[in-house]
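Going by full-length UniProt numbering, the first residue of the sequence shown is number 1, and it counts up by one from there.
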Amino acid sequence: MGNPDPNSKQQPNQSQQPNNDSVDIEGIKKSASQEALTQLFKKLGVDSADDLQKIIQAKQEADKANNTELENAQAELKKVNGSLDEKEKKINDLQAQNAVLKAGVSKDHIEDVTILAQAQVANGSVADFKTAVDDVLKRNPQFKNATQTGPDGTAIVPNNVGGTKTSKITADMSLDELTKAAQKDPNVLNEYMKTQGGK
């Protein structure tokens with residue numbers, strides 16, 4: 001095989017030659033496709049693909065704006081609900097503190113009694129808040145206003161830690177009774193002296 005002569009013309013292969021039948025089919029396809037698009041545009045009420053694209057874009061922008069409005073409305077609703085929940089909690093706290101005050105709790109222990117009573121209601125050990133307050137005060141009588149304190153600031157309650165009654169100091173106590181009472185509480189001597197008129 002020799003080098004081909006550049007001056008000689010080669011016959012193109014048959015597969016390289018355009019087929020007139022296929023060109024016509026392609027033209028028919030394009031024409032039919034264009035006609036179908038024109039029919040579709042007429043049905044949709046637009047003149048061209050550009051008009052249809054503009055309508056689609058406008059719809060997408062409107063949807064985005066509506067979604068933004070919806071998101072804003074949902075955020076506002078969440079904020080209002082949060083505010084309502086907060087106000088409801090404040091009302092419940094104030095009602096609880098009011099019930100505690102009505103029960104005669106000293107101002108120093110209002111929060112303590114409120115928290116303990118709310119815990120009892122929350123865990124279901126009592127049915128209502130008033131019952132819970134009464135229960136807390138029964139277990140912690142020092143929380144009441146009537147609490148008396150000793151010179152060292154500790155609460156004086158009718159029953160001592162052992163559960164026995166404290167001795168009542170009277171002017172007619174015997175020396176033996178006074179000694180026993182003084183052993184339990186050194187302040188008894190001071191009280192006895194007061195009953196004796198400071199003698």
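Heads up, the beta-carbon is just placed ideally off N, CA and C, and yes, glycines get one too.
Remember, it's a predicted structure, so these values are computed and weren't measured experimentally.
Item                                                                                                                       : Value
As assigned by DSSP and simplified to three states, the class of Val126                                                    : coil
Cβ contact check for the segment 130 to 142 and the segment 108 to 116: 3 or more pairs under 8 angstroms                  : yes
Val46, DSSP secondary structure in three states                                                                            : coil
Beta-carbon proximity list for Val136, same chain, < 8 angstroms, skipping 5 on both sides                                 : Val113, Leu116, Ala117, Gln120 and Phe143
C-alpha distance - Leu101 paired with Gln95, whole-angstrom precision                                                      : 10 angstroms
Nonlocal neighbours in the same chain, by C-beta distance under 8 angstroms from Glu69, ignoring five residues either side : none
Buried versus exposed call for Ala132 [16 or more other C-beta atoms within 10 Å across all chains shown]                  : buried
7 angstroms CB neighbourhood of Ser33 in its chain, flanking five on each side removed                                     : none
Glu88 versus Lys138: straight-line alpha-carbon distance, rounded                                                          : 29 angstroms
Extent of the continuous alpha helix (DSSP H) run through Gln183                                                           : Leu175 to Lys184
Span separating the alpha-carbon of Leu77 from that of Asp85                                                               : 12 angstroms
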